[in-house]
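Chains as they are written, first to last, in this note's numbering: chain A, 1 to 332; chain B, 333 to 664; chain C, 665 to 996. Here the structure comes first, spelled out in structure tokens, and everything after it is commentary.
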Amino acid sequence: MSITTINEGQGTLEQSDLQLDENGLLRHLLTLQGMDPVQLEAILDRGEEFLTKPGAPAARSNALAGMTVANLFIENSTRTRVSFELAAKRLGADVVNLNLNTSSAVKGESIVDMIYTLQAMQVDMFVVRDHQPGTQAMIAQHVDAYVSVLNAGEANVSHPTQGLLDLLTIRRHKGRFEELTVAIVGDIAHSRVAMSTSAGLAALGVGELRLISPPELVPNNVTNAKIMTDIDEGITNADVVMALRIQKERFADKAGIPDGDEYFRAYGIDEQRMKLAAKDAIVMHPGPMNRGIEIDSSVADGPQSVIREQVSNGVAVRMAILELLAQNRRTA
Amino acid sequence: MSITTINEGQGTLEQSDLQLDENGLLRHLLTLQGMDPVQLEAILDRGEEFLTKPGAPAARSNALAGMTVANLFIENSTRTRVSFELAAKRLGADVVNLNLNTSSAVKGESIVDMIYTLQAMQVDMFVVRDHQPGTQAMIAQHVDAYVSVLNAGEANVSHPTQGLLDLLTIRRHKGRFEELTVAIVGDIAHSRVAMSTSAGLAALGVGELRLISPPELVPNNVTNAKIMTDIDEGITNADVVMALRIQKERFADKAGIPDGDEYFRAYGIDEQRMKLAAKDAIVMHPGPMNRGIEIDSSVADGPQSVIREQVSNGVAVRMAILELLAQNRRTA
Amino acid sequence: MSITTINEGQGTLEQSDLQLDENGLLRHLLTLQGMDPVQLEAILDRGEEFLTKPGAPAARSNALAGMTVANLFIENSTRTRVSFELAAKRLGADVVNLNLNTSSAVKGESIVDMIYTLQAMQVDMFVVRDHQPGTQAMIAQHVDAYVSVLNAGEANVSHPTQGLLDLLTIRRHKGRFEELTVAIVGDIAHSRVAMSTSAGLAALGVGELRLISPPELVPNNVTNAKIMTDIDEGITNADVVMALRIQKERFADKAGIPDGDEYFRAYGIDEQRMKLAAKDAIVMHPGPMNRGIEIDSSVADGPQSVIREQVSNGVAVRMAILELLAQNRRTA
């Protein structure tokens, strides 16, 4: 599946419109594609205010007091679920978790019926993760005007809060995006993280974006990015190096894709390769990491790593976006 | 299993006594059978006060502040669990969820031991759902005087909060029950919803109650209701038409029961059939719906449908009953 | 596995050091082994203050307001999870539950990565249960200085909050430990409860501790306790009789261990045997009970049983230890 296919087929540009209300205010968070850079920066600014020093009490507010957030995880993810759960609770919301994994999978129409049911229970916001594309947009098209949908991971298509936390992490370390070279390394063709982070970086006018992968995992028809298969070339002088999690099932799926050890030799981020990057480059990873496959532990735990900051920033940008949607709802 | 068998075998009349304390106050909610109509109407009145307009903040109070509610779901049900969870949280209670599904099934005696354990942790109220009959009454007989048990679905026997929400929904649309004709359609013989809603309607003096099902699913020894197998006759001039969820396993289980398509033709509620009902008839369904089997989407989503209101009313009556039991406990 | 092996191999003495900060204040709760008796008594004193009369509202405070507790149960346990969850919520904490059971088992390194992730989300305390030894200590060695780890059950090694609740239960009924004879009966060799309760009793200077088991389940190299295999001799004149849960899989595992019925005849606590104990002896069990195997129902539910009090005391000591760790953190 190419980026073109995704864009055209799944309509992320349409999602960009769908997530705005009639006054142009953000009502849902479905995609970073096409998002106004001023809006994006405002979310990052607000997210930054929710950061506290390690060991200090977590930021809290009453922005969502009296509201109910439902975590609807059709695809399981402990870390993303907990991040959203804590973000919502720290804003004063009631949170209910619904883990609808494969064993009790619900089908097409009945997801909408479940949404109608939860909406009738006065759930105000749905945090939705699904391995099927389009579920979040479909839900957004069905909910009432005062209900918001947040995309917590959509198939290979997008993961906008991951994009937001990556942007905040980069901005805190590197400042302005215009002069930055960002290298994203891994299974670009199947990565929703690459999609959302790329879209956000493009919106904020990143200097140069390099998408580096084995030839078999190159995306199609990407604009605004350099497609590369040579990692050493790709990492050279990069200010930001982001390793993606490689799905181990890819090794079995496709002939020609190197397996674990071989992948590490060919595309793994280790100390040797990091010497090619800018001296003060930072290293990122969306987690969970396959240590020794896409990233070496010496780098993951080394001085250039900002991987744990990404997680902290994740709660912060989720608080920012939940608060924003709550405010826009009240305005509406 | 016939209604007679259930009444006599499982002792819903005894449950009616069991749920009162020595002063005649409601201590548990086990059944609507034999409930005082004045009590019933008071619960509906209070439930109505917990309704807010769509888009308005959900009703909240501190009626259960400092109390702990345990959702003990031996039979899984996401929607009923979430409805009770939100009702309890919006009243200020702490809620713990225990999903004891088949894989970790507990047996006879150890359910009581688990209840003793949770009671010793100062759980104040148990919300219990089980596919075995009698579990709720058994628990009610074992708990201490200051602990309440709420039936959240008992085998084929009863589902009293579903009955309450059905009554509230009908009352809000139709006012007085005396002049109403209510038609319940589906697998009457195995439906705890039919049992509880029928019991509530009888208590409130409904004009005429019709229980309509295929011949194989007719209940035994029902009093106070017309047993019918002809749906067209049954639906004619009805003020309320309630379709029940048909368990698909029935089709396989019993010879003679029509399968999906055939069931829809024979007993499904569609626009054509609804023309037989009173002009201003409402359509109800306890959910989750098998669209195209017991109900057509055009009816489920049409102007006569009050199905989503039922869900909203569900949270409201659960708040009312939780509050009432908390108050009666303090009085005791 | 012998106690010696455990002590030397898993380093509970090292854990005793590991759980203190540089000022000697308790930072984690990993083990009761080597704990200062004054500290132990202080925890029991504080726990006692969190007890309320049956039917009275549960004790509550704001000691953990603004803090986040993660229940990380790699080994499932509904009762211990709920006990910790209620203790934390009643102190005002936000609680997230992560049930990492066998089906989604995480391995070695990635447990640490998950901890880093949750810590980056500003989780303040980890409540950890695992069937592997050493997990809690391993986590404690990796977390930041302001994060605490509580052992909620570690392999065969220890279960310190169970030890604390046993101590509180005994103290409330029997007062000073010096003159007491305590008999623990069952699978001593594999019982983390026996380990922790023994360590606590030793620290508080119990008069005589008897560990009674079938010959096949005798622990190795125990000091400060009498190892016995004759239950009648072991129970004679005991002030406290504690039956342990026997894992039914033992019966199959090892030749020579009596099965259910036979075990009951040989080591079960019944009314007849209790006549050998002191007249005012109390009977304890950590739960969940195998009634009719290690304990007879007439004893479990009889006048000498304090089994349900143990459960209440469990929430109370967990509140005490959570509060203490929160206080020590703030001091640090």
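Glycine included, every Cβ here is placed at the ideal spot set by N, Cα and C.
Item	Value
Host beta strand (DSSP E) of Glu154 of chain A (start-end)	Ser148 to Glu154
Length at least 4, wholly inside the region 277-304 of chain A: the alpha helix (DSSP H) runs in chain order	297-300
Chain A contacts from the region 777-797 of chain C (Cβ-Cβ distance under 9 angstroms)	Asp777, Met778, Tyr780, Thr781, Leu782, Gln783, Ala784, Met785, Gln786, Val787 and Asp788
Residue environment, Gln122 of chain A, which counts as buried when at least 16 other CB atoms sit within 10 Å	buried
Inter-residue Cα distance where the pair is Leu396 of chain B and Thr716 of chain C	18 angstroms
Endpoints, alpha helix (DSSP H) assigned at Met606 of chain B	Glu603 to Met606
Beta-carbon proximity of Ala477 of chain B to Leu350 of chain B, cut-off 8 angstroms	no
Assigned exposure category for Glu603 of chain B - 16 Cβ within 10 Å defines buried	exposed
Where the alpha helix (DSSP H) through Glu407 of chain B begins and ends	Here Glu407 of chain B belongs to no alpha helix (DSSP H), and DSSP marks it neither H nor E.
Contiguous beta strand (DSSP E) assignments of at least 3 residues, all confined to the region 683-730 of chain C	none
Buried/exposed call for Lys279 of chain A, threshold 16 Cβ in 10 Å	exposed
Any C-beta of chain C under 8 angstroms from that of Thr400 of chain B	yes
The region 532-547 of chain B / the region 506-521 of chain B touching (three or more Cβ pairs under 8 angstroms)	yes
C-alpha distance - Pro883 of chain C paired with Ile891 of chain C, whole-angstrom precision	8 angstroms
contact_flag[the region 155-162 of chain A, the region 190-197 of chain A] where n(CB pairs < 8 angstroms) is 3 or more	yes
Simplified DSSP state of Arg793 of chain C, which is helix, strand or coil	strand
Residues that DSSP places opposite Glu208 of chain A in a beta bridge	A:Thr181
Under 8 angstroms from the C-beta of Ser644 of chain B: neighbouring residues of chain A	Ala120, Met121 and Gln122
Residue of C:Lys912, C:Gly924, C:Leu694 and C:His949 minimising C-alpha distance to Val904 of chain C	C:His949
Contacts around Gly646 of chain B, its chain only, beta-carbon distance under 6 angstroms, and the 5 residues preceding and following it disregarded	Ser415 and Leu497
Pair within 8 angstroms by beta-carbon distance, Ala902 of chain C and Ala945 of chain C	yes
Cutoff 6 angstroms; reference Gly424 of chain B; Cβ partners in own chain excluding five residues on either side	Asn394, Leu396 and Ala397
Leu762 of chain C - DSSP class collapsed to helix/strand/coil	strand
Distance between Arg955 of chain C and Gly924 of chain C (C-alpha atoms, nearest Å)	10 angstroms
Beta carbon proximity, Ser110 of chain A to chain B, threshold 8 angstroms	yes
Distance between Leu404 of chain B and Asn97 of chain A (C-alpha atoms, nearest Å)	16 angstroms
Alpha-carbon to alpha-carbon, His360 of chain B and Arg378 of chain B	17 angstroms
Short CB-CB distance (under 8 angstroms) between Glu749 of chain C and chain B	yes
Contacts that Val428 of chain B makes with chain C (C-beta to C-beta distance below 8 angstroms)	Val746, Glu749 and Leu750
Beta-carbon neighbours of Thr410 of chain B, restricted to chain A and to distances below 7 angstroms	Leu98
Continuous beta strand (DSSP E) stretch holding Lys580 of chain B: start and end	Lys580 of chain B -> no beta strand (DSSP E), and no H or E assigned at all.
Beta strand (DSSP E) segment containing Ile227 of chain A, residue limits	Lys226 to Met228
DSSP-derived helix/strand/coil call for Thr732 of chain C	strand
Minimum C-alpha distance to Gln304 of chain A - residue among A:Pro288, A:Asn328, A:Lys275 and A:Leu211	A:Lys275
With 16 other Cβ atoms within 10 Å as the buried cut-off, status of Pro701 of chain C	exposed
CB contact check: Ala722 of chain C to chain B, cutoff 8 angstroms	yes
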